[in-house]
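Each residue of the sequence shown is one higher than the one before, counting from 167 in this note's numbering. Backbone N, C-alpha and C define an ideal beta-carbon position, used for all residues, glycine too.
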Amino acid sequence: MDALGTVDRSVKGAKPGVNGLYVLSNTDAVAVIVELAFIDHAGDAELLRSQQDEFARAIARGVTDYEGEC
């Protein structure tokens, strides 16, 4: 994410009954929620508008990197 000018806020795990990530904690499938930016922050909103392809490529790389570790 450094290449995109965003801050890496790290991976946060789902805690059933604690943090409300029902989709992540109640499935047998591999699941992920990707949060790229804060939409109420003008700078982040502009990044989302102007760098959609770059974000998509970064997400795809993350998925393929994870798949390669399985």
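Distance between A211 and E235, taken at the CA atoms: about 32 Å.
For the pair L214 and I199, the CB atoms are not nearer than the 8 Å cut-off.
In the three-state DSSP reduction, A195 falls in the coil class, being neither helix nor strand. Between the alpha carbons of G228 and V189 lies a distance of about 19 Å. DSSP, read as helix, strand or coil, puts Q218 in helix.
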